[in-house]
Amino acid sequence: MKKGLLALAGLLVVVIVVLFLIPREDPVDYLYREFPQTQGWGNLKVVTVTESDEVVALEVTFDVDKTFQAHEKWIIKDRSKLQEVPGGQFEKWHGYVYLVKDGLFTWEAVE
Numbered sequence: 053m054k055k056g057l058l059a060l061a062g063l064l065v066v067v068i069v070v071l072f073l074i075p076r077e078d079p080v081d082y083l084y085r086e087f088p089q090t091q092g093w094g095n096l097k098v099v100t101v102t103e104s105d106e107v108v109a110l111e112v113t114f115d116v117d118k119t120f121q122a123h124e125k126w127i128i129k130d131r132s133k134l135q136e137v138p139g140g141q142f143e144k145w146h147g148y149v150y151l152v153k154d155g156l157f158t159w160e161a162v163e
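At position 93 of the sequence shown (counting the first as 1) the number is 145 in this note's numbering, and the numbers step up by one without a gap.
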């Protein structure tokens with residue numbers, strides 16, 4: 053009986069250690085996966101990444117169609133238009149995406 057409990061406790065410790073050793077998804081990879089390029093939006097580039105204990109700030113530039121409506125979970129703060137892209141339909145923008153930890157392995161964009 054004691055051997056079984058000891059083995060179970062050892063297995064539990066190993067599982068917990070493994071969970072904490074699995075690295076969190078890279079914030080830039082998360083951004084590119086969750087903010088996919090579409091017909092009205094694209095050329096997303098991460099300029100800088102600033103990390104603190106709780107929040108990761110990604111400075112980004114992107115091109116967007118003047119009539120494009122972003123998905124509700126795409127939260128880009130402090131946006132400013134940089135220039136009109138030649139052809140007149142697209143504009144180049146600059147802004148910030150703020151991410152907080154969501155669970156053990158991933159991120160969530162916040163306002």
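The C-beta atom is built at its ideal place from N, Cα and C for all residues, glycine as well.
Only a predicted model underlies this, so the values are computations on that prediction, with no experimental measurement involved.
query                                                                                                                                                   : result
What did DSSP end up calling glycine 155 once you bin it into helix, strand or coil?                                                                    : coil
Let me confirm a value: proline 165 is counted as buried when at least 16 other C-beta atoms fall within 10 Å, else exposed. Which label applies?       : Because residue 165 is not part of the residues shown, which for the chain are 53 to 163, the question remains open.
What three-state label does DSSP hand glutamate 143 in the structure shown?                                                                             : strand
Rounded C-beta distance between threonine 119 and alanine 109? I'm assuming under 8 Å.                                                                  : Actually they do not touch by this definition, with Cβ atoms about 28 Å apart.
I'd like the list of long-range same chain contacts for tyrosine 150, defined as Cβ closer than 6 Å, with 5 residues on each side in sequence excluded. : Val107, Ala109, Val162
Quick check on phenylalanine 72: does DSSP put it in helix, strand or coil?                                                                             : helix
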